[in-house]
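Q:
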Amino acid sequence: MTTLDTTAAVELLQSSAISALHAGEYETAVFLCHRIMSLFPLPSISHGIFLLARAQYLMGNHRAALHTLTDTVGSTPTIPTTYLQALCYSNMGLLSQANASFTSLVRLHNSTSKTGSAGPVTDYTDQYYGNAAAGLDISFSVLLSIGLVIPWASVYCKLGLIQRRMGLVEDAVKSLHTTLELDPLNWTAVKTLCEMGFPPQRDHVFEPTALSAHFKSIMQHIGTSHQPISEQKQDLESHASSLQQGGAYTSTRLRSIRKVDLPTTQPTLGRRVAARTDSKITAGSAHRKRTRDEHTTTAPSLSQQSSGKTKTHVSSQSKDNQAQETNQTATELVSSTLKDILSGYAALCTFNIPRALRWFKILSASQRRSPDILIMIGRAYFEATDYELAARAFEQARRLQPAQMNEMDTYGTCLWHLRKVIELSYLGKELEQENRLAPQTWCVIGNYFSLNQEHDQAIQSFQRAIKVDPEFVNAHTLIGHEYLTSEDLENAAIHFRTALRLNPRHYSALYGLASLLYKQEKYTIAEFYNNKAMKLCRFNLALLEFAGAIVSKDPKRLEVALKIYTHCGKLAPQRTSVQLSKSNVLTQLGKFQEALEVLESILLNKRDSNVYFKMGEIYDKMGDANNALLYYSKAHDGKSRKISKDVQEAMRGIQDKLDKAGAIES
């Protein structure tokens, strides 16, 4: 076997491996890459190594891919291999190495940008395969899928995500903004900036001019004309018509489409020769047809030629103008829709809930009914503590997309607040069937056990969520609250602080720390953490109510606590806990009649054993034993064992007072 034969065999295997990669047949690609490296290792080893590592990466075997790239003898670092290395490091959680690899790529892009040779994407096929690249008849989409085309926006975006995980906030923001300069439609960058508290300005992103240039660049790369859908439909109909008539144009066009979309399995040298031969034959056929037509057709007059040219020119110009107008209108539609979604999501991430809901209502009905927007709306209602509306939005999203996992942990917490045990159990079982390896699944299951007072089982479920994804912030927060309920303050503090390390803007973890310190009677520090949470989420009623509870512990600040509870009462008149807390403060201030009025307003809506008990206490302090016994007896009719025990003790105390008073009189 000659060297030429071996080279041709390598090219065949190479094309087949690329085709397998693009088709998702990763095991086949790995097998073929090993054949390439075994058949002719010296000149082809770098080709085989890269394709092998890419296949291993796509299979999810990141460690094997990294080993292939770094430890194989004869491998030399290239831009595609460095990018693939960075992806492996990132997926393995090796943040420092990933940051170094992505940073080296960014430096390269910056240096080429100064010379004007850099673009939004770079094709490294020629540099990577050298002279053999001419024989690789591969479409842009295939090159992108196998990693030979580097999308620089993706590089900057992934670097920004790594920097965020490392706590390098300023660097992350800079990288993500660069991402949007290269790719104005990169939603990951927009979403991350919003979540970090640095939402892009509405006027600076999704601009029609930038979007139009971006769309044009995409069309150029994928080889598709920027053509209105109406014209594309007409073209498809004409293609179908000519196909039915056995037209030669259609068959030629279909052959070219097949050639662009997938690499063939013929030797590359054979393809190059075939291409040249086909072009000669086509040219000759056209020449013969043109000559024959000239002999058989009468030549038109000069006036007819002139008229025909004018009509053709006007018709062509009209079509171009119509296409340009359609494209401009479509781009403006995309721009305005994305800007509205950005405004709503940015308001949601900064916890300006009324503003977020207003923006979501501006969206068209079809956009509002999409699963991702429904999830955003559900999250907004959740932050506003309107759990009924939140649950409704989450459920609608699940009906539209049953496998939806995003924010399902929030949905579970929402059902926990509503104390809907059956719905929570059903959601947990559904998610477990869909994806047992998702942290959201175990958070929902943990909430179910927590609602049933099975705290050990709840903690185990939350631990499973953390094991599945150690960086899932809400799992740390939920297990922290569960430890807090179980009086395990040390473990609660560990998980709350871990959640804050992963996301410094996670107000629920700040609230958890404040609650922990409140239990330890460290009210000053508790107020500090709760105030930090309130700065992030100023519309959250639970935080405001807790602020009143902390302040009320200082006898000198009872008037401040009263103002806080009065404000809470205006925001949520039906919230029983706020009215009870307000009545407690009024009682401490000696304003017994006002306290009774607050409690009576609660009884207008529902009977509550706690309210009757509080009224009994107030009458007892006022010295009205008869009314005190009356309301204590009403509270005793309630179902709460704790209330019943407290009522019995209070009634005994009043009876003892009455007995002593009677003894003194006698």
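The sequence shown begins at 2 in our numbering and counts up by one.
C-beta atoms are modelled at their ideal positions from N, C-alpha and C, and glycine is treated no differently.
With the cut-off set at 8 Å, would you say LEU59 and TYR27 are in Cβ contact?
A: Yes, these two residues count as a Cβ contact at 8 Å.
Q: Please determine if the segment 476 to 486 and the segment 497 to 513 are in contact, where contact requires at least 3 C-beta pairs separated by less than 8 Å.
A: At 8 Å Cβ cutoff, the stretches touch.
Q: Cutting at 7 Å between CB atoms, please list the residues of its own chain near TYR613, excluding the five before and the five after it.
A: If we look at TYR613 and ignore the five residues flanking it on each side, its Cβ neighbours are TYR632, LYS635 and ALA636.
Q: Specify the secondary structure class of PRO440 as computed by DSSP and reduced to three states.
A: Three-state DSSP puts PRO440 in a helix.
Q: If the criterion is Cβ atoms closer than 8 Å, does the pair HIS215 and LEU186 meet it?
A: It is a contact, given that the beta carbons lie within the stated cut-off.
Q: Just to confirm my understanding: we take LEU67, look at its own chain, exclude 5 residues before and 5 after, and list those with CB closer than 6 Å. What are they?
A: Same-chain partners within the cutoff: CYS89.
Q: Between ILE526 and LEU545, how many whole angstroms is the CB-CB distance? I'm expecting something under 8 Å.
A: 19 Å between Cβ atoms; not a contact.
Q: Using a Cβ distance threshold of 8 Å, determine whether the segment 569 to 579 contacts the segment 553 to 560, with at least three qualifying pairs required.
A: Short answer: they don't touch.
Q: The alpha helix (DSSP H) spanning VAL206 covers which residue range?
A: Segment: none, VAL206 is in no alpha helix (DSSP H) and carries neither H nor E.
Q: Please classify GLU295 as buried or exposed, where buried requires at least 16 neighbouring CB atoms within 10 angstroms.
A: Confidence at GLU295 is low in this model, with a pLDDT of 42, below 50, so its placement is unreliable and the value that follows should be read with caution. Exposed: under 16 other Cβ atoms inside 10 Å.
Q: Exposed or buried, what is LYS607 when buried is set at 16 or more other beta-carbons lying within 10 Å of its beta-carbon?
A: Label assigned to LYS607: exposed.
Q: Consult DSSP for PRO355 and reduce its assignment to one of helix, strand or coil.
A: Looking at PRO355 - three-state DSSP - the assignment turns out to be helix.
Q: Using 7 Å as the cut-off, classify the Cβ of GLY25 as near or not near the heavy atoms of the ligand NAD, replying yes or no.
A: Because no ligand of any kind appears in the structure shown, any question about the ligand NAD cannot be addressed here.
Q: Leaving out five residues on either side along the sequence, give the residues of the same chain with a beta carbon under 6 Å from the beta carbon of GLY49.
A: Excluding positions up to five away in sequence, the list reads CYS34, ILE37 and MET38.
Q: If you measure between the beta carbons of SER213 and LYS159, is that distance less than 8 Å?
A: Cβ distance not < 8 Å, so SER213 and LYS159 don't count as in contact.
Q: Express the C-alpha separation of LEU181 and ILE80 in angstroms, rounding to a whole number.
A: So the alpha carbons of these two residues sit roughly 22 Å apart.
Q: Is GLN649 buried or exposed, if buried means 16 or more other CB atoms sit within 10 Å of its CB?
A: So GLN649 ends up on the exposed side.
Q: Let me confirm a value: GLY345 is counted as buried when at least 16 other C-beta atoms fall within 10 Å, else exposed. Which label applies?
A: Burial call: buried.
Q: Quick one: Cα of LEU425 to Cα of GLY513, how far?
A: If I take the Cα positions, the gap works out to 23 Å.
Q: Any idea if LEU375 is buried or exposed, counting beta-carbon neighbours within 10 angstroms, 16 or more meaning buried?
A: Label assigned to LEU375: buried.
Q: Determine whether the beta carbon atoms of GLU384 and CYS569 lie at a separation below 8 Å.
A: No.
Q: Buried or exposed for TYR427, going by 16 or more other Cβ atoms inside 10 Å?
A: Exposed.
Q: Taking Cβ to Cβ, would you say ALA9 is nearer than 8 Å to ALA30?
A: Contact flag unset, no.
Q: Out of curiosity, what's the CA-to-CA distance linking LEU1 and VAL552?
A: The displayed coordinates of the chain run from 2 to 667. Any statement about residue 1 would go beyond what the structure contains.
Q: Could you check if LYS615 is buried or exposed, using at least 16 other CB atoms within 10 Å of its CB as the buried criterion?
A: It counts as buried.
Q: Considering PRO81, what are the terminal residues of the beta strand (DSSP E) in which it resides?
A: Run containing PRO81: none in the beta strand (DSSP E); it sits in the alpha helix (DSSP H), 80 to 92.
Q: Rounded to the nearest angstrom, what separates THR82 and PHE103 at their Cα positions?
A: If you take the alpha carbons of THR82 and PHE103, they lie about 11 Å apart.
Q: Can you give me the C-alpha to C-alpha distance between SER176 and MET535, rounded to a whole angstrom?
A: SER176 and MET535: Cα-Cα distance of roughly 29 Å.
Q: Whole angstroms are fine: how far does the CA of LEU95 sit from the CA of ALA18?
A: Rounded to the nearest angstrom, the two C-alpha atoms are 29 Å apart.
Q: I'd like to know whether the C-beta atoms of LEU518 and VAL474 end up nearer to each other than 8 Å.
A: For LEU518 and VAL474, no; Cβs fall outside 8 Å.
Q: Count the other C-beta atoms from every protein chain shown that fall within 10 angstroms of the C-beta of ASN627, then say buried if there are 16 or more, exposed otherwise.
A: Burial call: exposed.
Q: Which residue marks the beginning of the alpha helix (DSSP H) containing GLY413, and which one marks its end?
A: Segment 409 to 419, the alpha helix (DSSP H) holding GLY413.
Q: Can you check whether the CB of PRO440 is closer than 8 Å to the CB of ALA404?
A: Result no, Cβ atoms of ALA404 and PRO440 do not sit closer than 8 Å.
Q: Can you grab the Cα-Cα spacing for the pair ALA394 / GLN594, in whole Å?
A: Cα to Cα, ALA394 sits roughly 43 Å from GLN594.
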